[in-house]
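*Asks:* Residue numbers (the numbering used here): 4 to 343. We put the CB at the ideal spot given by N, CA and C, even for glycine.
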Amino acid sequence: MTDNHEPTNGGFPLRRPRRLRTTPIMRDMVAETHVAPADLIYPLFIADGITACREISSMPGQYQHTIHTLKNIVEQSIDAGIRCIDLFGVPLDSDKDAYGSQAWSETGVLNAAIAELRQEFGNDILIMADTCLDEFTDHGHCGVLAEDRWGNTYVDNDKTLALYQKMAVSQAAAGAHIVSPSGMMDGQIAYIRQALDQAGYQDVAIMAYSAKYASAFYGPFREAVGSSLDGDRRAYQQDPANLKESLLEASLDIAEGADFVMVKPAMPYLDVIAAVAQRSLVPVAAYQVSGEYAMLHAAARNGWLNLDTVIMESLTSIKRAGANQILTYFALDAARMLRY
4 MTDNHEPTNG GFPLRRPRRL RTTPIMRDMV AETHVAPADL IYPLFIADGI
54 TACREISSMP GQYQHTIHTL KNIVEQSIDA GIRCIDLFGV PLDSDKDAYG
104 SQAWSETGVL NAAIAELRQE FGNDILIMAD TCLDEFTDHG HCGVLAEDRW
154 GNTYVDNDKT LALYQKMAVS QAAAGAHIVS PSGMMDGQIA YIRQALDQAG
204 YQDVAIMAYS AKYASAFYGP FREAVGSSLD GDRRAYQQDP ANLKESLLEA
254 SLDIAEGADF VMVKPAMPYL DVIAAVAQRS LVPVAAYQVS GEYAMLHAAA
304 RNGWLNLDTV IMESLTSIKR AGANQILTYF ALDAARMLRY
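(1) Name, in chain order, the residues that DSSP records as bridge partners for H300.
(2) Is I81 helix, strand or coil by DSSP?
(3) In or out: S249 buried (at least 16 other Cβ within 10 Å) or exposed?
(4) If you draw a straight line from the C-alpha of P20 to the C-alpha of V33, how long is it?
(5) Consult DSSP for P184 and reduce its assignment to one of helix, strand or coil.
(6) Alpha carbon to alpha carbon, how far is A277 from M4? Give it in angstroms, no decimals.
(7) Whole angstroms are fine: how far does the CA of A324 sit from the CA of G294?
(8) Since I321 sits in a beta bridge, which residues does DSSP pair it with?
(9) Just confirm the distance between the C-beta atoms of Y216 and K267, as a whole number of angstroms; I'd bet it's less than 8 Å.
(10) One question on the structure: do L164 and Y204 come within less than 7 Å of each other, judged by their Cβ atoms?
(11) In whole angstroms, give me the CA-to-CA distance for P184 and L310.
(12) What is the rounded straight-line gap between the Cα of H300 and the Cα of D127?
(13) Counting only the same chain and skipping the five closest in sequence on each side, list residues whose C-beta sits under 6 Å from that of A179.
(14) Given L73, which residues of its chain have a CB within under 6 Å of its CB, disregarding the five upstream and five downstream residues?
(15) Quick check: the Cα distance between P243 and A326, rounded to an integer number of angstroms?
(16) Have a look at D367 and Q191 and give me their C-alpha separation to the nearest angstrom.
(17) What would DSSP say about Y332, mapped onto helix, strand or coil?
(18) Is the separation between the beta-carbon of I321 and that of D262 shorter than 7 Å?
(19) Give the DSSP-derived three-state secondary structure of A258 in the structure shown.
(20) What do you reckon, are the CB atoms on P94 and Q105 nearer than 7 Å?
(21) Which residue comes first and which comes last in the alpha helix (DSSP H) that contains Q240?
(22) Starting from the C-beta of E58, find all residues in its chain whose C-beta is less than 6 Å away, skip the five residues before and the five after it, and write them out in chain order.
(23) What's the C-alpha gap between Y102 and H68?
(24) Could you check how far apart the C-beta atoms of I76 and L120 are, in whole angstroms? I think they sit under 8 Å.
(25) Hey, would you say V112 sits closer than 7 Å to T319, going by beta carbons?
(26) Given a cut-off of 7 Å on the beta-carbon distance, is the pair Y290 and L246 in contact?
(27) What's the call for L199, buried or exposed, on a 16-neighbour Cβ count within 10 Å?
(28) Measuring only the C-alpha atoms, how far is D89 from T156?
(29) Sort out for me which residues DSSP pairs F263 with in a bridge.
(30) Apart from the five residues just before and just after S218, which ones in its own chain have a Cβ nearer than 6 Å to its Cβ?
(31) Counting along the chain, where does the beta strand (DSSP E) carrying M131 start and finish?
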């Protein structure tokens, strides 16, 4: 016996972990973590005023879609085994205002697309809608702006909640299966749940952006949605230095009626995903954001990484940390790799 009580054979340990790494089939059989197409949620963008899809320059392979190209990509997603999309609206600049009123318009770009997708695909895929005002406001913030008593501009939490209610109800009316409040306003889940229930949409689920950090990794997304933001969102999104705060946010959202909680971004916050997953009694999602997508693509274009391999490694790490669902712009590519 060795000092660590490991049996030996001629001085060499009998236990050889490499035996379980000998072939791809062996490695797959003993793998502790498996990513499946059904784990993936595909974020997509529907834009107003365009006649052909438009590639997002900072996110190669991702597009602002017309309704025709959106339907096509949703059909491809269904065929690849993806179970859910997350839809973001990109309105015309001329339709933006201080309150983001196009966000709850029946004929607005987002709600009109939700309605067409639900009519086309029914329950063949889950339609999740982003429930936030930043794409629709002319100032790019996630809520109503006000001035405090010292003359400083801030986002008025409580006035914003009423607008989130209107937006969520309009998305449910259009046919969304899930609404996804991402504005990080205090109390937003309780207010939205109450509004949905009172409007008769008890069956519509809520995926809460519970731990959404004020991250530099969102840069390419701002181009994707044509953001008008001047300044930052550090007064309502979380400080990257904090972990315990995420546990508080997730627990509050669950108590308020969230059906899912989310951590965003994903790869720089694997510790947060793990901590939330260990405590959550509802499914935990993680969002592999635009900056994560863009940096992997950039490295692959330069020949520094194998893109297919790093896609699967990154998604596996997020799943291993505890995420049940992964929002990723790699969803369609990954699903095809996993299926074929």
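*Replies:* On the basis of the supplied data:
(1) Answer by DSSP bridge pairing: none, since H300 is not bridged.
(2) I81 falls in the helix class under three-state DSSP.
(3) Classification of S249: buried, given that the 10 Å Cβ count is 16 or more.
(4) When rounded, the separation of the alpha-carbon atoms in P20 and V33 is 11 Å.
(5) P184: strand per DSSP, three-state reduction.
(6) Bear in mind that a pLDDT of 45 at M4, under 50, signals an unreliable position, so the model cannot answer this.
(7) So the alpha carbons of these two residues sit roughly 20 Å apart.
(8) Partner(s): none; I321 has no beta bridge.
(9) Contact flag correct, Cβ pair sits at about 7 Å.
(10) In this structure, L164 lies away from Y204, with their beta-carbon atoms at least 7 Å apart.
(11) When the Cα atoms are used, P184 and L310 turn out to be separated by approximately 31 Å.
(12) Here the alpha carbons of D127 and H300 stand approximately 30 Å from one another.
(13) Once the five neighbours on either side are set aside, the close Cβ partners of A179 are I117, I130 and A132.
(14) Excluding residues within five positions, the ones whose Cβ falls inside 6 Å are I49.
(15) Just so you know, the alpha carbons of P243 and A326 end up roughly 19 Å apart.
(16) This structure does not reach residue 367, given that the chain is present from 4 up to 343, and the question cannot be answered.
(17) If DSSP states are grouped into helix, strand and coil, Y332 belongs with coil.
(18) No, they are not a contact pair.
(19) Residue state for A258 is assigned as helix, using DSSP reduced to three classes.
(20) A contact, by the Cβ cut-off of 7 Å.
(21) Where Q240 is concerned, there is no enclosing alpha helix (DSSP H), given that its DSSP letter is neither H nor E.
(22) These residues qualify, in order along the chain: Y66.
(23) Straight-line Cα distance between these residues: approximately 24 Å.
(24) Actually they do not touch by this definition, with Cβ atoms about 11 Å apart.
(25) In this structure, V112 sits away from T319, with a CB-CB distance that is not shorter than 7 Å.
(26) Taking the C-beta atoms as reference points, L246 is found no nearer than 7 Å to Y290.
(27) Counting other Cβ atoms within 10 Å of its Cβ, L199 reaches 16 or more and is therefore classed as buried.
(28) Going by C-alpha positions, D89 is about 31 Å away from T156.
(29) As computed with DSSP, F263 is found in a beta bridge with M210.
(30) Closer than 6 Å at Cβ, skipping near neighbours: P268.
(31) M131: member of the beta strand (DSSP E) spanning L129 to T134, first to last residue.
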